[in-house]
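Following: one structure in structure tokens, then a few remarks.
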Amino acid sequence: MLIDSFAPNPDAVEIHSIAINASPETVYQTLWTADLGGSLIIKLLLGLRSLPQVVLRGGRVPRDRKITLQTIIDSGFGILANEPEEIVLGVRGKFWRPTGNLLPFDRDSFTSAVRPGLARAVWNFSIKESTAGETVLSTETRVMCGDSASRRKFRMYWFFVRPFSGLIRRIMLSAVRQEVGSGSTSK
Numbered sequence: 014m015l016i017d018s019f020a021p022n023p024d025a026v027e028i029h030s031i032a033i034n035a036s037p038e039t040v041y042q043t044l045w046t047a048d049l050g051g052s053l054i055i056k057l058l059l060g061l062r063s064l065p066q067v068v069l070r071g072g073r074v075p076r077d078r079k080i081t082l083q084t085i086i087d088s089g090f091g092i093l094a095n096e097p098e099e100i101v102l103g104v105r106g107k108f109w110r111p112t113g114n115l116l117p118f119d120r121d122s123f124t125s126a127v128r129p130g131l132a133r134a135v136w137n138f139s140i141k142e143s144t145a146g147e148t149v150l151s152t153e154t155r156v157m158c159g160d161s162a163s164r165r166k167f168r169m170y171w172f173f174v175r176p177f178s179g180l181i182r183r184i185m186l187s188a189v190r191q192e193v194g195s196g197s198t199s200k
């Protein structure tokens, strides 16, 4: 998998998958256009995550908008790989901080060691045809920390965030399956 070249020895891993009754090509195209954040649960969780920015820095609460892979990229994630069988996104920063936690995307920083005091997350969507004729859409998140201090901070943060992060990813996968079922030709 392409994600292996960007995160071979992660400090944290989370994997989710879903079977979709459609061709891999349809799933790939739908992944780019589906509203991944249309669920009320996702809107609430993302709203909670943005609250510190709103309160501490006078930011604005995100409005009802469609969240696609492109809006995720526009929010700070960068594309590390984009193939029909796997899309890999990356982001780096101090995820455990309530505000100012992301650094601008720099692709070169994903080919070297993680700097001390920072963490790097790599998030993929993998698309594979199963033997049953369905397509399995999987998502994997891997996080690597630059030193033991950042690893401790991240693990404390991840203890609280991981269940919600996993829920968001499972809902996103379901949104793709639902979109495929409502608007495209299935296999």
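Residue numbers (the working numbering): 14 to 200. Beta carbons: idealized from backbone N, C-alpha and C, even for Gly.
**Message:** For Ile92, report the span of its beta strand (DSSP E) as first-last.
**Reply:** Gly91 to Glu96
**Request:** Confirm, please, whether the CB-CB distance from Val40 to Leu131 is below 8 Å.
**Result:** no
**Request:** May I have the straight-line CA-CA distance separating Ile28 from Ser143, to the nearest angstrom?
**Result:** 17 Å
**Request:** Report the option in Leu102, Ala94, Glu96 and Ile55 whose CA atom is closest to the CA atom of Ile80.
**Result:** Ile55
**Request:** Check Glu192 in the structure and name its three-state DSSP category.
**Result:** helix
**Message:** Quick check on Thr112: does DSSP put it in helix, strand or coil?
**Reply:** coil
**Asked** So, Asp24 versus Phe167, is the Cβ gap smaller than 8 Å?
**Response** yes
**Request:** Please report the Cβ distance between Ile33 and Thr148, rounded to the nearest whole angstrom; I am assuming they are in contact, meaning their Cβ atoms lie under 8 Å.
**Result:** 5 Å
**Prompt:** What's the C-alpha gap between Ile22 and Arg155?
**Reply:** Residue 22 is actually Asn in this sequence, not Ile. Each residue's alpha carbon lies about 9 Å from the other.
**Request:** Look at Ala188 and Asp87 and say whether their C-beta atoms are less than 8 Å apart.
**Result:** no
**Prompt:** If you check the beta carbons only, do Leu116 and Leu102 fall under 8 Å apart?
**Reply:** no
**Message:** Quick check on DSSP: helix, strand or coil for Gly179?
**Reply:** helix
**Asked** What is the rounded straight-line gap between the Cα of Cys158 and the Cα of Pro129?
**Response** 8 Å
**Prompt:** Which residues mark the beginning and the end of the alpha helix (DSSP H) in which Ser18 is found?
**Reply:** Ile16 to Phe19
**Request:** Report the rounded CA-to-CA distance for Phe108 versus Phe19, giving the unit in angstroms.
**Result:** 18 Å
**Request:** Would you check if the distance between the CB atom of Glu98 and the CB atom of Lys141 is smaller than 8 Å?
**Result:** yes
**Request:** Give the straight-line distance between the Cα atoms of Leu57 and Ile184, rounded to the nearest whole angstrom.
**Result:** 13 Å
**Request:** Determine the direct distance from the alpha carbon of Ile181 to that of Leu59, and round the result to whole angstroms.
**Result:** 9 Å
**Asked** According to the neighbour-count rule (16 or more other Cβ atoms, all chains shown, within 10 Å of its Cβ), is Phe123 buried or exposed?
**Response** buried
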